[in-house]
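Undergrad: Sharing a structure here in structure tokens format.
Protein chains in written order, with our numbering: chain A, 1 to 123; chain B, 124 to 452; chain C, 453 to 703.
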């Protein structure tokens, strides 16, 4: 038995050369992706994962692991396996050619037209 | 709380990038040199993945094992403030382990596999936690001076190239700043307290100084291996550089309290701007890392016991449709 | 204001929270899985923090400062229910105690939120959120563990049966019971116990567990009158070990 400096360990009566069966697959359950909202009006942000056996516990754990400091008002958890993602390999699909100004605010220069009109008509 | 990745100097490193697709490798390296992060499903060299898993896993193990020396005093912390703060600090270490295991999982090693490697002694963790916390002051010294070392390492590594590890470290570093403040306050309280308290903290400091000097590991051998790991931003600073940075920041603060460090050669060399010190006993370092330190056997036995006591609990909550997949980020 | 009655009420609450928080903290770093380790530790911190707040109220009523009061008394000067001091054993008993205690704690503070003793009412309103989380946590764990494997179901039933009479001991009446009720400071242990049974019953049923038959209910009293099991003395000595070396020092 371990005679430890930590009284908790001494009380637990632990054999120094104990051996245990290895942890099996799914011993640590599965993972949930955690989304955290700091205050009302903010977006929920992805902050990490928790291992949990069910959604109720995932919420309890997420609250403590990601919300125990600072402000929080709301948490979402989603099973990792239920999240659909794009591949980083395909991140070039987000590249936009600069000519596509028709969907950018900067592509519309109304003041130029107004000023030109005003100048021409001496308004 | 973690010093630096222990890279076995005898490991064969001549075939690091052998067999890697040169085009993909070039793209990968270009991304890193631009300062972009690598994300879990990106292509990466085998050696990058292997070293990152090893490093993040060692870091995670160091957190969960690191909860034990400080945990030694959790039921005996003197007064409400210390009792609450120590509980919160040890809790944070467990939380850090959770964040780091999660980051390592994104590279494809399950938490179960990592825990199994820890409890069988296959994986390493920071050597410093194989030393005992004899008195209350030892827990205070750990909270201040070991966490201080960990911050230096973690701040450097947070600028590394692997996204999930950097994100975990950002969160961890924020919490470590509470540890450092708490630890400093606890040490200052003892050092400015009664003769009994002052002696207790001096004794603890004397005990912990050699492990602290070991904390960042021996001087790096200049090898192709280290160079590549630095180029890939896996290893962010040399062990000696981090040690120098540490000495520069903390020795003056320790001396300022009128405490003594057990190294007569420790002084700042005005010419080089670096700290001179007696070379730490690296034979002891190796002995301890290979299992023969004062607490190695106890630390692992305690972890095995904790896993075993929790097994029925984890088993009870497992459902038939539990299906693990690698976390996203 | 009936100071002796208030003091007695504050002492028993403060000691319950201190001792149970201390017991909870024994799991920190050694819990069944990392995420639960973190959650359980937070609740331990909440308990100790609430205890400290109650000791501060006692200090305002002329008792020693919180640290001296909590860390230097001997076991035979403590007012906690014996239920709080029992060792953690395994996660079954720890969870059952957490469930039974936290329901009572939440209801007690809910009652006290309307207490005529305003400092306590104010504190009760402040800790409402913490207690709600503790009860959420307890309900979830109690039900899930009892619905788990054959082993876990049996363990939870045994733990509940073993805990029951000690849990009933939480409601040991004070000699000031009538005064507290009359002065609208606290509605009393009997009313609390009735509410508690109502609150826990649906979860015990949902969990598929059984309470011992009522004729076997035999509350373990004594804690409120400083009588304790053999487990409290070593706990208190351990908790005060460092503080007591120099109780007048800053730590």
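Just so you know, even glycine gets a beta-carbon here, dropped at the ideal spot from N, CA and C.
For clarity, every value in this text was computed on a predicted model and none was experimentally measured.
Is any heavy atom in the ligand PLP found nearer than 6 Å to the beta carbon of residue 385 (chain B)?
TA: This structure does not include the ligand PLP; it has no bound ligands of any sort.
Undergrad: Interface residues of chain C around residue 8 (chain A) at Cβ under 8 Å?
TA: Chain C residues near residue 8 (chain A): 478 and 482.
Undergrad: Name the chain C residues whose beta carbon is nearer than 7 Å to that of residue 378 (chain B)?
TA: By Cβ distance, chain C contributes nothing, its closest Cβ being about 22 Å from residue 378 (chain B), past 7 Å.
Undergrad: Would you grab the beta carbon distance between residue 481 (chain C) and residue 200 (chain B) for me? Rounded to a whole angstrom, and I think it's under 8 Å.
TA: In fact, because the Cβ distance is near 14 Å, the residues do not count as touching under 8 Å.
Undergrad: Which word fits residue 88 (chain A), buried or exposed, when buried means at least 16 other C-beta atoms lie within 10 angstroms of its C-beta?
TA: Burial call: exposed.
Undergrad: Leaving out five residues before and five after residue 469 (chain B) in sequence, what residues of the same chain have Cβ atoms less than 7 Å from its Cβ?
TA: Limits of chain B in this structure are 124 at one end and 452 at the other, which puts residue 469 (chain B) out of reach.
Undergrad: Along the segment 430-444 of chain B, what residues have a CB closer than 7 Å to any CB found in chain C?
TA: Listed by position along the chain: 432, 433, 435, 436, 437, 438, 439 and 440.
Undergrad: Rounded to the nearest angstrom, what separates residue 154 (chain B) and residue 180 (chain B) at their Cα positions?
TA: For residue 154 (chain B) and residue 180 (chain B), the distance between alpha carbons rounds to 24 Å.
Undergrad: What is the rounded straight-line gap between the Cα of residue 541 (chain C) and the Cα of residue 374 (chain B)?
TA: Each residue's alpha carbon lies about 44 Å from the other.
Undergrad: Please state whether DSSP places residue 565 (chain C) in a helix, a strand or coil.
TA: Here residue 565 (chain C) sits in coil by DSSP.
Undergrad: Based on the DSSP secondary-structure assignment, which residues constitute the bridge partners of residue 478 (chain C)?
TA: Paired residue(s): none; residue 478 (chain C) is not in a bridge.
Undergrad: Are the Cβ atoms of residue 400 (chain B) and residue 386 (chain B) separated by less than 7 Å?
TA: Yes; because the gap between Cβ atoms is below 7 Å, this pair is in contact.
Undergrad: Is it the case that the Cβ atoms of residue 417 (chain B) and residue 255 (chain B) are separated by a distance below 7 Å?
TA: For residue 417 (chain B) and residue 255 (chain B), yes; Cβs fall inside 7 Å.
Undergrad: Measuring straight from C-alpha to C-alpha, what distance separates residue 422 (chain B) and residue 74 (chain A)?
TA: The straight-line gap from Cα to Cα measures roughly 38 Å.
Undergrad: In chain A, what lies closer than 7 Å to residue 592 (chain C) by C-beta?
TA: Those within 7 Å of residue 592 (chain C) in chain A are 56, 57 and 60.
Undergrad: Does the beta carbon of residue 216 (chain B) sit closer than 7 Å to a beta carbon anywhere in chain A?
TA: No, no contact with chain A.
Undergrad: Closest to residue 691 (chain C) by C-alpha separation, out of C:569, C:537 and C:623, would be which residue?
TA: Nearest of C:569, C:537 and C:623 to residue 691 (chain C), Cα basis: C:537.
Undergrad: Using a Cβ-Cβ cut-off of 7 Å, state whether residue 105 (chain A) counts as contacting chain B.
TA: So no, residue 105 (chain A) is outside the interface.
Undergrad: Under 7 Å, do residue 238 (chain B) and residue 23 (chain A) count as touching if we go by C-beta distance?
TA: In contact: residue 238 (chain B) and residue 23 (chain A) (Cβ atoms closer than 7 Å).
Undergrad: Quick one: any contact between the segment 278-292 of chain B and the segment 154-165 of chain B, if contact means 3 or more CB pairs under 8 Å?
TA: Yes: the two stretches touch, three or more of their Cβ pairs being nearer than 8 Å.
Undergrad: Examine chain B for any beta-carbon lying closer than 7 Å to the beta-carbon of residue 76 (chain A), and answer yes or no.
TA: Not one chain B Cβ lies under 7 Å of residue 76 (chain A).
Undergrad: State the Cα-Cα distance for the pair residue 83 (chain A) and residue 591 (chain C), rounded to the nearest angstrom.
TA: Going by the C-alpha atoms only, they are around 29 Å apart.
Undergrad: If you measure between the beta carbons of residue 380 (chain B) and residue 314 (chain B), is that distance less than 7 Å?
TA: Against a cut-off of 7 Å, the Cβ pair of residue 314 (chain B) and residue 380 (chain B) comes out as a contact.
Undergrad: Give me the DSSP bridge partner(s) of residue 45 (chain A).
TA: Bridge partners of residue 45 (chain A): A:36.
Undergrad: In the DSSP assignment, find the alpha helix (DSSP H) that holds residue 275 (chain B) and state where it starts and stops.
TA: Where residue 275 (chain B) is concerned, the enclosing alpha helix (DSSP H) stretches over 270-280.
Undergrad: Between which two residues does the alpha helix (DSSP H) carrying residue 425 (chain B) extend?
TA: Looking at the DSSP string, the run of the alpha helix (DSSP H) that includes residue 425 (chain B) is 419-440.
Undergrad: Are the C-beta of residue 37 (chain A) and some C-beta of chain C separated by less than 7 Å?
TA: Taking Cβ atoms only, chain C never reaches closer than 7 Å to residue 37 (chain A), which makes this a no.
Undergrad: Looking at the secondary structure, which residues open and close the alpha helix (DSSP H) in which residue 324 (chain B) lies?
TA: 318-337 is the extent of the alpha helix (DSSP H) around residue 324 (chain B).
Undergrad: 7 Å is my cut-off, CB to CB: does residue 81 (chain A) come that close to chain C?
TA: Taking Cβ atoms only, chain C never reaches closer than 7 Å to residue 81 (chain A), which makes this a no.
Undergrad: Cβ of residue 98 (chain A) less than 7 Å from any chain B Cβ?
TA: Residue 98 (chain A) does not count as touching chain B.
Undergrad: Return no unless some Cβ of chain A is closer than 7 Å to the Cβ of residue 284 (chain B).
TA: So no, residue 284 (chain B) is outside the interface.
Undergrad: Could you confirm whether any beta carbon from chain A is found closer than 7 Å to the beta carbon of residue 503 (chain C)?
TA: No, its Cβ sits nowhere closer than 7 Å to a Cβ of chain A.
Undergrad: Taking 7 Å as the CB-CB limit, is residue 90 (chain A) close to chain B?
TA: No, residue 90 (chain A) lies away from the interface with chain B (no Cβ there is under 7 Å from its Cβ).
Undergrad: Would you tell me roughly how many angstroms separate the C-alpha atoms of residue 700 (chain C) and residue 525 (chain C), rounded to the nearest one?
TA: Between residue 700 (chain C) and residue 525 (chain C), the C-alpha separation is close to 14 Å.
Undergrad: For residue 617 (chain C) versus residue 697 (chain C), is the C-beta distance shorter than 7 Å?
TA: No. Outside cutoff.
Undergrad: Using a Cβ-Cβ cut-off of less than 8 Å, give me the residues of the segment 167-199 of chain B that come near chain C, in sequence order.
TA: Taking 8 Å as the Cβ-Cβ cut-off against chain C, the residues of the segment 167-199 of chain B that qualify are 187, 190, 191, 194, 196, 197, 198 and 199.
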